[in-house]
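Single-structure report; data block below.
Number of protein chains: 2
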Amino acid sequence: MPFVDNIGFLMSRASGQLVRATNAALADEGLRVRQYSVLSLVCESAEGESQRDLAEVLALDPSQVVALVDDLHGAGLVERRPSPADRRTKLVVPTERGRAVRARATARADARLAASLGALTEAEQGTLRSLLARVVDVELPPRAFTDR
Amino acid sequence: MPFVDNIGFLMSRASGQLVRATNAALADEGLRVRQYSVLSLVCESAEGESQRDLAEVLALDPSQVVALVDDLHGAGLVERRPSPADRRTKLVVPTERGRAVRARATARADARLAASLGALTEAEQGTLRSLLARVVDVELPPRAFTDR
DNA sequence: TATTGTTATACTCTATAACTATA
DNA sequence: TATAGTTATAGAGTATAACAATA
């Protein structure tokens, strides 16, 4: 099979396209997609998310989360609150402004994403989403100790 | 829909996983995935590929292709040949060693990719490939001049 | 004038290691 | 002894601009 049909190549190409498109859509709100992902998660959380949990969900190193939260805090969109349960842990919570920016950002990003996926029907987008979710879950294959 | 179900996010996460896995698989051959993609394309080509064509197929800036070809040339895997048709153009062609390295690299990369996609059946992988190919093709939507 | 390859530069993303304060 | 957050650093990837040679 020719290289241009390689799933890894196509995935990388598609991902790059979507990231560029989303960054362009978010530029008006002063966000990039990585900062936006953190803001979205904390806005969806009831009591705030610890930086450790953010790192795990986003598959980022904790040190990267520090920088992203710093960015958002500098823009007045989130705050760090001490966790009542563990004094090592900081819960990241959105400010009022953070919630407002997130709402606008989501509208813009979703519209742009829909345009980028315009070649696919709604049903196909659902199929793609579930296939991707299953690829993402396979971090630790059951009996693939050989290559670790 | 929660952020973690966003297709752009899932795509970025999946792409990162596949790139990391492929880079790990290629490390023994002294390659990274971007160099490998150039090597693969020139090995598949009958008369060599111009750097401009490589940039277009891979969706890279021509200046990035210069660096990748430099890397491969430094490793003795490709050569630049003058095009008989256009003296501006350089055709990138593999060396004998380049072809041998590419064969081994492809075996390793394909095996690792198959493992990373192990959660999907062959049919599902085919579906994923075709969906991705259609997403990638939508660089210039028919009448979306508004956002350019 | 436009295109191919090239150099240069800056910024973003990724990967590691080491440190602190807590547990 | 282990974990959450932090700082620092280096390398890889991305994005632009400008230039020489050639068309």
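Top line first, the protein sequences correspond to chains B and A.
Just so it is clear: in the first sequence, position 47 is 47 by the numbering used here, and no numbers are missing.
Position in the second sequence (first residue = 1) + 1000 = the numbering used here.
We put the CB at the ideal spot given by N, CA and C, even for glycine.
Source: prediction; values computed, not measured.
What residue does the alpha helix (DSSP H) around residue i start on, and which one ends it?
i: glutamate 1079/A; result: From DSSP, glutamate 1079/A is part of no alpha helix (DSSP H) but of the beta strand (DSSP E) over 1078-1082.
i: serine 45/B; result: That residue, serine 45/B, is in no alpha helix (DSSP H); it is neither H nor E in DSSP.
i: glutamate 124/B; result: 122-137
i: alanine 24/B; result: 7-26
i: valine 1066/A; result: 1062-1074
i: arginine 1052/A; result: 1051-1058
Taking residue i as the query, report the chain B residues whose CB atoms sit under 8 Å from its CB, ordered along the chain.
i: valine 1151/A; result: No information on residue 1151/A is available, as it lies outside the stretch 1001 to 1148 that chain A covers here.
i: glutamate 1044/A; result: Pro2 and Phe3
Could you tell me the distance, in whole angstroms, from the CA atom of residue i to the CA atom of residue j?
i: histidine 1073/A; j: glutamate 1044/A; result: 17 Å
i: leucine 128/B; j: leucine 1131/A; result: 7 Å
i: valine 92/B; j: leucine 54/B; result: 9 Å
i: proline 1062/A; j: arginine 13/B; result: 16 Å
i: leucine 18/B; j: alanine 111/B; result: 12 Å
i: methionine 1/B; j: threonine 1106/A; result: 11 Å
i: serine 1100/A; j: alanine 133/B; result: This sequence places alanine at residue 1100/A; serine is not what is there. Computed Cα separation, rounded: 36 Å.
i: leucine 1077/A; j: arginine 1032/A; result: 13 Å
i: lysine 90/B; j: glycine 48/B; result: 9 Å
i: arginine 1097/A; j: glutamate 1029/A; result: 11 Å
i: valine 149/B; j: glutamine 51/B; result: Nothing about residue 149/B can be read from this structure; chain B reaches only from 1 to 148.
i: methionine 1011/A; j: valine 1138/A; result: 16 Å
Among the options, whose alpha-carbon lies nearest the alpha-carbon of residue i?
i: threonine 1095/A; options: Arg1112/A, Ala1133/A, Ala1085/A and Glu1079/A; result: Glu1079/A
i: alanine 1115/A; options: Ser1063/A, Ser1050/A, Ala1025/A and Val1033/A; result: Ala1025/A
i: phenylalanine 1009/A; options: Leu68/B, Ala59/B and Ala75/B; result: Ala59/B
i: valine 1136/A; options: Val1042/A, Glu1056/A and Asp1028/A; result: Glu1056/A
i: arginine 102/B; options: Lys90/B, Asp86/B and Ala75/B; result: Ala75/B
i: arginine 1104/A; options: Arg1087/A, Ala1027/A and Ala1067/A; result: Ala1027/A
In terms of residue numbering, what span does the beta strand (DSSP E) encompassing residue i cover?
i: proline 1094/A; result: 1090-1094
By the criterion of Cβ-Cβ separation under 9 Å, what are the contact partners of residue i in chain B?
i: leucine 1054/A; result: Near leucine 1054/A there are no residues of chain B at all, since even the closest Cβ is about 11 Å away, more than 9 Å.
Interface residues of chain A around residue i at Cβ under 9 Å?
i: glutamine 35/B; result: By Cβ distance, chain A contributes nothing, its closest Cβ being about 13 Å from glutamine 35/B, past 9 Å.
i: valine 93/B; result: None at all; the shortest Cβ gap to chain A is about 16 Å.
i: alanine 67/B; result: Residues of chain A passing the Cβ test: none, with the nearest at roughly 17 Å.
i: glutamine 125/B; result: Ile1007 and Leu1131
Which bits of chain A does residue i rub up against, with CB to CB less than 7 Å?
i: threonine 22/B; result: Gly1008
i: alanine 133/B; result: Leu1010
Q. Is the stretch 25-43 of chain B touching the stretch 1028-1039 of chain A in the sense that three or more CB pairs, one from each, lie closer than 8 Å?
A. no
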